[in-house]
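Each protein sequence line maps, in turn, to chains E, B, A and Y.
Under the working numbering, think of the first position of the first sequence as 5, with each following residue one higher.
Under the working numbering, think of the first position of the second sequence as 5, with each following residue one higher.
Under the working numbering, think of the first position of the third sequence as 5, with each following residue one higher.
Under the working numbering, think of the first position of the fourth sequence as 5, with each following residue one higher.
By construction, the Cβ of each residue, glycine as well, lies at the ideal position given by its N, Cα and C atoms.
Protein chains: 4
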Amino acid sequence: MNLELALRMCEAAVKQAGREGALISVAVVDAGGHLVAFQRMDGAEIAGPVLAPGKAYTAVAHRMSTADLAPLVVPGGELYGLAGDRYVCFGGGIPLSEPGKDHRVVGAVGVSGGTVAQDVACAEIATALWEGA
Amino acid sequence: MNLELALRMCEAAVKQAGREGALISVAVVDAGGHLVAFQRMDGAEIAGPVLAPGKAYTAVAHRMSTADLAPLVVPGGELYGLAGDRYVCFGGGIPLSEPGKDHRVVGAVGVSGGTVAQDVACAEIATALWEGA
Amino acid sequence: MNLELALRMCEAAVKQAGREGALISVAVVDAGGHLVAFQRMDGAEIAGPVLAPGKAYTAVAHRMSTADLAPLVVPGGELYGLAGDRYVCFGGGIPLSEPGKDHRVVGAVGVSGGTVAQDVACAEIATALWEGA
Amino acid sequence: MNLELALRMCEAAVKQAGREGALISVAVVDAGGHLVAFQRMDGAEIAGPVLAPGKAYTAVAHRMSTADLAPLVVPGGELYGLAGDRYVCFGGGIPLSEPGKDHRVVGAVGVSGGTVAQDVACAEIATALWEGA
């Protein structure tokens with residue numbers, strides 16, 4: 005992960021949010037789950053600075069999108085009872101894998117503020133930019 | 005619990021993970037739920053340092069395997085609403101009892117990083133080593 | 005505070021860090037102390053995502069620069085004993101006041117990663133940009 | 005950082021503690037501050053699982069030994085008021101740099117349980133092993 009690309013991913017997510025009519029926060033973290041870049045749109049909720057980095061951290065920590073994690077943590081699900089003060093387990097967090105090199109996860113993007121579908125759409129746009137880089 | 009045995013339990017869990025094709029973290033805690041030994045395999049997810057000790061702590065705290073605890077914490081279950089920032093309530097944590105002496109719990113092993121079934125298999129191998137000691 | 009200006013402040017701080025030969029993280033928060041924008045330079049320490057937002061939060065919370073706060077929190081100082089898990093009480097955080105309107109604090113910038121003097125210089129550049137806006 | 009080397013570092017620290025007549029905990033973390041290996045000697049205090057990883061995290065986060073950080077955080081020191089729930093700012097944590105490659109910090113070792121001098125001695129032995137690897 006590097007700042008220049010992280011910034012472009014944030015911008016792409018914010019632009020997509022504009023198209024969706026959503027007000028979001030977006031976070032990009034490195035392989036250790038530590039923040040590299042963050043942007044909150046004007047008027048977006050104050051939960052964003054907690055939830056967007058939380059989704060990104062969760063996606064790195066479990067190497068799966070938080071949308072895929074969501075059904076596993078419901079009552080009776082395989083990971084119900086997952087705990088940790090940085091976990092956010094619904095859609096909007098997507099891990100970023102190094103191309104080629106056995107898909108090592110090297111970061112993640114997390115989006116929060118819209119509906120879950122909007123958050124996912126914004127995170128996917130940012131991810132596409134990563135994959136094209 | 006002692007360090008020498010805890011290390012052998014960690015090694016046994018890591019070896020089993022190799023057989024399972026899983027990348028895990030393994031933690032052994034004492035009767036107070038405090039870490040004695042921890043090992044994270046190369047390439048295992050960064051959630052392991054939170055979840056493996058969490059499962060081991062939970063197994064000591066409730067004197068039951070986290071797999072047995074899982075159905076009790078679902079909505080309507082006997083322990084629904086269980087809270088605490090170190091609880092992890094799905095399979096992979098197993099308490100260790102003193103043989104003979106009324107089965108006093110003196111520690112636990114916790115494994116995280118594979119599927120729940122893999123985590124449990126790795127924790128059971130470590131537990132067997134404890135019981136044979 | 006708004007995202008467009010926050011981004012320009014971050015860029016200005018990063019540019020100044022380049023001139024200083026420092027690797028920094030920079031955070032801009034709103035009147036509620038909540039993150040609006042954050043950037044961590046390539047190679048900057050992982051403490052940045054904790055300390056830069058912490059300094060910015062502290063500057064908003066006390067409506068003074070963290071450099072001015074520093075002498076007040078030493079033993080015997082007026083605010084000795086100040087506690088809170090988001091406080092960072094040394095130079096690098098500067099509050100941003102609304103011009104004219106009785107200087108209401110509407111946000112802050114926080115910088116971390118260089119020496120304290122470098123952090124302050126980077127935060128001041130960002131603040132100047134705010135004041136000129 | 006890798007598990008095999010981390011384990012050897014832990015063993016070296018424990019062996020040194022034996023020579024010092026100290027009972028310690030030792031932690032090795034990766035570049036993100038996340039635990040790779042941990043060992044607590046029989047009879048070592050229960051604070052070790054918090055303090056040894058804390059010192060290692062702090063050494064990574066600030067890229068300096070916690071012994072060097074200690075004088076900076078005293079009242080009036082440059083970093084007095086440093087906050088964060090994982091910081092431990094006295095001797096016993098040492099960062100590990102990649103040789104050659106501009107000394108990028110790729111992990112750290114943290115030791116706790118003896119006197120500060122003993123903790124430092126144990127951490128240095130482990131660090132020497134890293135540097136010789």
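What are the boundary residues of the alpha helix (DSSP H) that Val-92 (chain B) is part of?
Unbroken run through Val-92 (chain B): none, as it is neither H nor E.
Taking Cβ positions, are Val-109 (chain Y) and Ala-127 (chain Y) nearer each other than 9 angstroms?
no
Inter-residue CB distance, Ala-112 (chain E) and Val-33 (chain E) (contact presumed, cutoff 8 angstroms):
Between the beta-carbon of Ala-112 (chain E) and that of Val-33 (chain E) there is about 5 angstroms, and that keeps the pair under the 8 angstroms contact cut.
Under 9 angstroms by beta carbon: chain A residues contacting Arg-44 (chain E):
Leu-7, Ala-10, Asp-34, His-38, Leu-39, Val-40, Ala-41, listed in chain order.
Return the residue from the list E:Thr-131, E:Gly-88, E:Asp-123 that minimises the CA-CA distance to Gly-52 (chain E).
E:Asp-123
Do Gln-43 (chain B) and Leu-7 (chain Y) come within 9 angstroms of each other at the CB atom, strictly closer than that value?
Yes, these two residues count as a Cβ contact at 9 angstroms.
Quick one: Cα of Val-40 (chain E) to Cα of Arg-12 (chain E), how far?
Cα-Cα distance, rounded: 12 angstroms.
In angstroms, rounded to a whole number, what distance separates the CA positions of Ala-71 (chain B) and Gly-136 (chain E)?
42 angstroms
Whole-angstrom distance between Ala-74 (chain B) and Glu-82 (chain B), CA atom to CA atom
11 angstroms
Kindly list, in the order they appear in chain E, the residues whose Cβ is closer than 8 angstroms to that of Ile-28 (chain B).
Chain E residues near Ile-28 (chain B): none, gap ~13 angstroms exceeds 8 angstroms.
So, does the CB of Arg-108 (chain Y) fall closer than 9 angstroms to a CB anywhere in chain A?
yes
Helix, strand or coil, according to DSSP, for Val-30 (chain B) in the structure here?
Val-30 (chain B) carries a strand assignment under DSSP once its states are collapsed to helix, strand and coil.
Any residues in the region 46-75 of chain Y with a beta carbon nearer than 8 angstroms to a beta carbon of chain A? Which ones, in chain order?
Val-64, Ala-65, His-66, Arg-67
Return helix, strand or coil for Val-40 (chain E), following the three-state DSSP convention.
Strand, per DSSP.
Under 9 angstroms between C-beta atoms of Val-30 (chain E) and Gly-58 (chain E)
no
I'd like to know whether the C-beta of Val-124 (chain A) is nearer than 9 angstroms to at least one C-beta of chain Y.
no
Delimiting residues of the beta strand (DSSP E) encompassing Gly-111 (chain Y):
109-116
Do Leu-55 (chain B) and Gly-96 (chain B) have their C-beta atoms closer together than 9 angstroms?
Closer than 9 angstroms, so yes.
Please report the residue range of the alpha helix (DSSP H) in which Pro-57 (chain A) lies.
52-66
Per DSSP, what kind of secondary structure is Leu-100 (chain E) in: helix, strand or coil?
strand
State the DSSP-derived secondary structure class of Thr-119 (chain Y), mapped to helix, strand or coil.
coil
Cβ-Cβ separation, His-66 (chain E) to Glu-15 (chain B) (assumed contact under 8 angstroms), whole Å
Wrong, their Cβ atoms sit about 25 angstroms apart, outside the cutoff.
Could you have a look at Gly-136 (chain A) and say whether DSSP puts it in helix, strand or coil?
helix
Buried versus exposed, by CB contacts within 10 Å (16 or more), Pro-79 (chain A):
exposed
For a test of the three-state rule: what should DSSP assign to His-22 (chain A), helix, strand or coil?
What sits at residue 22 (chain A) in the sequence shown is Gly, not His. If DSSP states are grouped into helix, strand and coil, Gly-22 (chain A) belongs with the helices.
Taking the Cβ atom as the reference point for each residue, do Ala-87 (chain E) and Gly-88 (chain B) lie within a distance shorter than 9 angstroms?
yes
Between Leu-27 (chain A) and the rest of its own chain, which residues show a CB-CB distance below 6 angstroms, the 5 nearest in sequence each way excluded?
Met-45, Gly-47, Ala-48, Gly-117
Any chain E beta carbon closer than 9 angstroms to Cys-93 (chain B):
yes
Return yes when the Cβ of Met-5 (chain E) is within less than 9 angstroms of the Cβ of Leu-100 (chain E), no when it is not.
yes
Can you tell me the Cα-Cα spacing of Ile-98 (chain Y) and Gly-25 (chain Y), whole angstroms?
21 angstroms
Against Pro-99 (chain B), what residues of chain E qualify as contacts under a CB-to-CB distance less than 8 angstroms, listed in chain order?
None at all; the shortest Cβ gap to chain E is about 16 angstroms.
Could you have a look at Leu-9 (chain B) and say whether DSSP puts it in helix, strand or coil?
helix
Which chain C residues are close to Val-120 (chain A), counting only those with a beta carbon under 7 angstroms from its beta carbon?
Although the question refers to chain C, the structure presented lacks it and instead comprises the protein chains E, B, A and Y.
Quick one, are the C-beta atoms of Tyr-84 (chain Y) and Phe-94 (chain A) less than 9 angstroms apart?
yes
Rounded to the nearest angstrom, what separates Ala-121 (chain A) and Ser-69 (chain B) at their Cα positions?
53 angstroms
Ser-29 (chain Y): CB within 8 angstroms of a non-hydrogen atom of the ligand SAM
As presented, the structure is devoid of all ligands, the ligand SAM included, so that no description of it is given.
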